[in-house]
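Peer 1: The structure that follows is given in the form of structure tokens.
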Amino acid sequence: MRRTLLLLAASLVAAPLAAQSNAELMANDHYTRSHDYDLIHQRIVVSNFNWDSTSFDGLVTTTLVALRPGLDSLILDEGALLENTTVADRAGHALRTARHGDTLVVFPAAPAKFGDTLVFSVTYRGKVKNGSGLTYITTDGMKHRPRQIWSQGEDHDNHYWFPTYDFPNDKMTWEVVATVDQGDMAVSNGRLVSDVTRGGKRTLTWSQDRPSATYLVSLVVAPLAKIHDSWEGIPVDYYTYHEDSAKAWPLFHETPDLIGVYSQLTGVRYPWAKYAQSTVADFFGGMENVSATTLVDWLPDQAAYLDRPWYQYVLIPHELAHQWFGDYVTTNNWANMWLNEGFAEFMPGQYWGLRKGAHAEQDYYVDEYRQYLRIDARRPMPKGSNNIYPKGALVLEMLKHYLGDQRFWASIHTYLTTHALSGATSDDLRQAVLAATGENLDWFWSEWVYQAGYPTLDVTAAYDSTARTLSLTIKQTQTDSLKPDSTGLKFTVPQVFTMPLTIRVGTPAGDVTRRIWLDAREQTVTVPGLAGAPTMVIVDDGNAVLKALTFDEPTAWLATQLTHDSDLWDRAWVIQQLNHRPADAAAGAALADAALHADYFLTRQMAVEALDTFPAAVAIPALQGALKDTSAAVRTAALTSLGSVGGDQVAALARTALTSDPSYGVRAAALRTLARATPGDAHAVLLAGLHTPSYQDQIQSAALRAIYQVQDTTLLAAVDSLVADQQLPLHLLAALGARGSVHALDLLDAHLNDPRSTIRQWTLQAYQFTLAGSDKALAISRLKGAVDGIRYVDTKKAAGDLLAELQK
Ligand SMILES: [Zn+2]
């Protein structure tokens, strides 16, 4: 799964026993659910979907094997809203059942023996709380939104639409037989067995004939066009709305190459009968349903590729990686979810590195590092919890660095083949490394997998010119200030992290390197026999260790490193140091040089961003040059930094970029900078921006935010006209209302009677989050005044509920 906003859901399912260490809890099956049968196969037949009542007809035939002698009751998960009409055995004899909440108990006619196979069918009228298990979507007067249904099983939601064992530690094969309207497609897992249209209805039968986990059972029903591709004879299909079909190929065409690269790296050939990617509305990002990934319907247009869309760069390769990590080998429980998500987040960087070189690989993990620090600052946790995506990716990249490519991939191959079509916990991965390389990484798992945090290295340097010796003192200053979570579980931060790292010292006679082990709270490293005073000192050359680094170095060392060090994380760190020295001409010169001449765009972009603290005389020439960069990311950064500098010259540069640059990102940045540089004169620019379409509304959103900045309430009618398929205009109306514009609030209120229910919901959200967020009393008084005039029953009720909540 990959969310556009990072996943923050707690993943621990039970309170731990106090006596056990976190390592034991995570490494073993403490959080794995017990049950007394082995689920073998389910045939899931669904039809008669009704969008008004979010219902359908279901018939599920389950085959399972008893794992207990005298097994007289079978406990399945089944949503309470599913109304069973009959439950019968293979011969058609009705079976006694019981329902308790979301549980179904089936009593076999006679107790089963250990190893007996049982088959029974459940016939039911299915109904869902929309969004639980199945999401029903109607067009609702919106653009780009065909009527559709999609399922979402992870973590425990598939039992809301069919009875099953809803936990990841039991794999089964299955069939999905879906009858839909003639104009609709139904995409599910595995091989397409048949596709028959009769009497205005279309029945598709899909067969997932290799076992996988039940949370990966998937169904998408929508009017979709199919774009066919293949990899080594395996169908690779892209399903999009008909209106998007021309955008499918540019977005998805790398999929076969990705499949080939992942197969090659892992040594495990793509394991499923086909690979489908289907795009749907209102999806949170992507979900790796086995052989049938579901993705959000944000297909980039041609110009959007200038800005390296997340969809192509992260989302597609992330979900594909899950076909090995998550679907082929599955975490036994959600406490070990990093085995799914850490790998899925790790693999795209491997793909980009293999296809585009070392800098592309480093670039990917620099971004993961930034995400990691952002999350860790809020809640530092080990990988069993909410930081599993970036920390998982970074720890795996560090492990690859430590083991080297061959030993790393051999270990991964062992892990995937040992647990093929089955489950695993964190310790299984450690054992795979041990089996493949002979090396016991108990210490690595203890520090990096089972505990929280990362080393914060505080380094000081002293050079003895007589002895020509450099002494480095390295302190680990991380502290353990973590508090127990709501379950009483407390993770520890190691006092000492252990890792090998390399020190590189630049000298007049060339670089000298020294490899050391980081293994103490404080340690001193000496590098003797230098040819002369150091010209730079790199601590952790090649960025082999996940860390934070404090090292107060002379600007000259930093400047030398910036031109000599090829590692992008190291460069990013140097640039950050230089950014804090705006009064230092040498620092400005080093950044200006990197902004214009660095050999990779990310370094140029970061140098450009870092110039925002420098005087105009230093910054403007470099930023002006950066506006001609071939990379849209660099030009975007240049315009943003220019916004901090300000002035007429900046306004002229921004105006040119706004009218001539092909990148949406650059034009959005130009608009922001222009509004900032000439706030009194921005009206026409903002009005034009409101009417400029762009991928994911980047330019319109920039205009809306700028309108808030300059408080231009003469544009309210234009803002209001955008309330059709965007939420942000409603939030802007609420924000301007909070700042005193009654007209903005009147416009907002009118949308409580919008004929489109989606818009009415968004309007209440604008009330709740934006208006009440800045002026609760105003939100209450406005809502009180509006609620009686609401004509739609659902919205009136929701408004009343919100009012009550705000008044609490
Ligand atoms: Zn994922």
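Just so you know, we're using our numbering here: the sequence shown kicks off at 156 and counts up by one.
Don't be surprised by glycine CBs; every beta carbon is placed ideally from N, CA and C.
Within 6 Å: the Cβ of A499 and any heavy atom of ligand 1?
Peer 2: Position 344 of the sequence shown, counted from the start, is the residue given in the question as residue 499. Yes - ligand 1 has a heavy atom lying nearer than 6 Å to the Cβ of A499.
Peer 1: Does ligand 1 have even one heavy atom less than 6 Å from the beta-carbon of M156?
Peer 2: Your numbering for residue 156 matches position 1 in the sequence shown. Yes; taking the cut-off as 6 Å, the Cβ of M156 has a heavy atom of ligand 1 nearer than that.
Peer 1: Going by the C-beta, is E523 closer than 6 Å to any heavy atom of ligand 1?
Peer 2: What you label residue 523 is simply residue 368 of the sequence shown in a count that begins at 1. For ligand 1, not one heavy atom lies less than 6 Å from the Cβ of E523.
Peer 1: Could you name the residues of the same chain whose beta carbon sits closer than 7 Å to that of L778, not counting the 5 residues immediately before and after it, in chain order?
Peer 2: What you label residue 778 is simply residue 623 of the sequence shown in a count that begins at 1. Result list for L778: V763, L766, A793, S796 and L797, in chain order.
Peer 1: Taking C-beta to C-beta, are L957 and Q920 nearer than 7 Å?
Peer 2: The residue labelled residue 957 in the question sits at position 802 within the sequence shown. The residue labelled residue 920 in the question sits at position 765 within the sequence shown. No, these two residues do not count as a Cβ contact at 7 Å.
Peer 1: So, helix, strand or coil for R424, using DSSP?
Peer 2: The residue you call residue 424 lines up with position 269 of the sequence shown. In the structure shown, the three-state DSSP call for R424 is coil.
Peer 1: Is the beta carbon of S636 closer than 7 Å to that of V604?
Peer 2: In the sequence shown, counting from the first residue as 1, residue 604 sits at position 449. In the sequence shown, counting from the first residue as 1, residue 636 sits at position 481. No. Outside cutoff.
Peer 1: Is it buried or exposed, Q650, if we count other Cβ atoms within 10 angstroms and call 16 or more buried?
Peer 2: As a first step, residue 650 is located in the sequence shown; it is residue number 495 there, counting from the start. Q650 comes out exposed.
Peer 1: Let me check you understand the geometry: is the CB of E496 closer than 6 Å to at least one non-hydrogen atom of ligand 1?
Peer 2: Position 341 of the sequence shown, counted from the first residue, corresponds to residue 496. Yes; taking the cut-off as 6 Å, the Cβ of E496 has a heavy atom of ligand 1 nearer than that.
Peer 1: Since A221 and F269 should fall inside the 8 Å C-beta cutoff, what is the C-beta to C-beta distance between them, to a whole number of angstroms?
Peer 2: Within the sequence shown, residue 221 is the residue found at index 66, counting from 1. Within the sequence shown, residue 269 is the residue found at index 114, counting from 1. Between F269 and A221 the Cβ distance is about 6 Å, and since that is below 8 Å, they are a contact.
Peer 1: I'd like to know whether the C-beta atoms of L746 and L733 end up nearer to each other than 7 Å.
Peer 2: Looking up residue 746 in the sequence shown gives position 591. Looking up residue 733 in the sequence shown gives position 578. Their beta carbons are under 7 Å apart, which means L746 touches L733 by this criterion.
Peer 1: When the distance is taken between beta carbons, is A837 closer than 7 Å to V800?
Peer 2: Within the sequence shown, residue 800 is the residue found at index 645, counting from 1. Within the sequence shown, residue 837 is the residue found at index 682, counting from 1. Not a contact, by the Cβ cut-off of 7 Å.
Peer 1: Ligand 2 and P776: does any heavy atom of the ligand fall closer than 6 Å to the residue's C-beta?
Peer 2: As presented, the structure is devoid of ligand 2, carrying ligand 1 as its sole ligands.
Peer 1: On the three-pair Cβ rule with 8 Å, is the segment 445-463 touching the segment 395-407?
Peer 2: yes
Peer 1: Buried or exposed, going by whether 16 or more other CB atoms sit within 10 Å of the CB of N541?
Peer 2: The residue labelled residue 541 in the question sits at position 386 within the sequence shown. Bear in mind that the predicted position of N541 carries a pLDDT of just 49, short of 50, making it too unreliable to give a figure here.
Peer 1: How long is the line joining the alpha carbons of G539 and L902, rounded to whole angstroms?
Peer 2: Locating residue 539 in the sequence shown gives position 384, counting from the first residue. Locating residue 902 in the sequence shown gives position 747, counting from the first residue. Low per-residue confidence applies at G539: pLDDT is 47, beneath 50, and the placement is therefore not dependable enough to give any value.
Peer 1: How big is the Cα-Cα spacing for T369 and D325?
Peer 2: As a first step, residue 369 must be located in the sequence shown, where it is residue number 214. As a first step, residue 325 must be located in the sequence shown, where it is residue number 170. Their Cα atoms are separated by approximately 8 Å.
Peer 1: Between which two residues does the beta strand (DSSP E) harbouring T131 extend?
Peer 2: The requested residue 131 does not occur in the structure, where the chain is confined to residues 156 to 963.
Peer 1: Can we say the segment 237-256 touches the segment 275-284, given the rule of at least three CB pairs closer than 8 Å?
Peer 2: yes
Peer 1: Beta-carbon within less than 6 Å of D695's beta-carbon, same chain only, minus the 5 sequence neighbours each way: which residues are those?
Peer 2: As a position in the sequence shown, residue 695 is number 540, starting the count at 1. The answer, listed in chain order, is L656.
Peer 1: May I ask which residues mark the beginning and end of the beta strand (DSSP E) holding I292?
Peer 2: Taking the sequence shown and counting its residues from 1, one reaches residue 292 at position 137. Its beta strand (DSSP E) spans residues L289 to I292.
Peer 1: Starting from I945, trace the alpha helix (DSSP H) both ways and give me its first and last residue.
Peer 2: As a first step, residue 945 must be located in the sequence shown, where it is residue number 790. It is not in any alpha helix (DSSP H) - I945 carries neither H nor E in the DSSP assignment.
Peer 1: If we call anything under 7 Å between Cβ atoms a contact, is D364 one with T328?
Peer 2: Taking the sequence shown and counting its residues from 1, the one referred to as residue 364 is at position 209. Taking the sequence shown and counting its residues from 1, the one referred to as residue 328 is at position 173. Going by C-beta atoms, D364 is nearer than 7 Å to T328.
Peer 1: By alpha-carbon positions, which one of V840, A341, Q853 and T217 ends up nearest to A807?
Peer 2: The residue labelled residue 807 in the question sits at position 652 within the sequence shown. With distances taken between Cα atoms, A807 lies closest to V840.
Peer 1: Can you say whether S966 is buried or exposed, counting buried as having 16 or more other CB atoms within 10 angstroms of its CB?
Peer 2: Not covered by the structure: residue 966. The range shown for the chain is 156 to 963.
Peer 1: Within its chain, find whatever has a CB closer than 6 Å to the CB of T925; leave out the 5 residues flanking it on each side and keep chain order.
Peer 2: Taking the first residue of the sequence shown as 1, we reach residue 925 at position 770. Cβ neighbours of T925 beyond the five flanking positions: H886, A889 and A890.
Peer 1: Identify which residue in Q881, Y417 and D399 has its Cα closest to the Cα of G508.
Peer 2: Walking along the sequence shown from the start, residue 508 turns up at place 353. Nearest of Q881, Y417 and D399 to G508, Cα basis: Y417.
Peer 1: Under a three-way DSSP split, which group does R669 fall into?
Peer 2: The residue given as residue 669 occupies position 514 in the sequence shown. Three-state result, R669: strand.
Peer 1: Which residue from P263, G288 and L214 puts its Cα closest to that of S228?
Peer 2: On the sequence shown, residue 228 is found 73 positions in, with the first residue counted as 1. For the residues P263, G288 and L214, the minimum Cα distance to S228 belongs to P263.
Peer 1: Can the beta-carbon of V391 be found closer than 7 Å to that of A341?
Peer 2: In the sequence shown, counting from the first residue as 1, residue 391 sits at position 236. In the sequence shown, counting from the first residue as 1, residue 341 sits at position 186. Cβ distance not < 7 Å, so V391 and A341 don't count as in contact.
Peer 1: Which class does K630 belong to by DSSP, given the choice of helix, strand or coil?
Peer 2: As a working note, residue 630 is residue 475 in the sequence shown. Of the three classes helix, strand and coil, the one that applies to K630 here is strand, per DSSP.
Peer 1: Taking the beta carbon of H255 as the centre, do at least 16 other beta carbons fall within 10 Å, making it buried, or is it exposed?
Peer 2: Your numbering for residue 255 matches position 100 in the sequence shown. Classification of H255: exposed, given that the 10 Å Cβ count is below 16.
Peer 1: Measure the alpha-carbon distance for E594 versus V588 and round it to whole angstroms.
Peer 2: The residue labelled residue 594 in the question sits at position 439 within the sequence shown. The residue labelled residue 588 in the question sits at position 433 within the sequence shown. Straight-line spacing of the CA atoms in E594 and V588 works out to 7 Å.
Peer 1: What number of angstroms, rounded off, separates the C-alpha of L627 from the C-alpha of I775?
Peer 2: The residue labelled residue 627 in the question sits at position 472 within the sequence shown. The residue labelled residue 775 in the question sits at position 620 within the sequence shown. Computed Cα separation, rounded: 38 Å.
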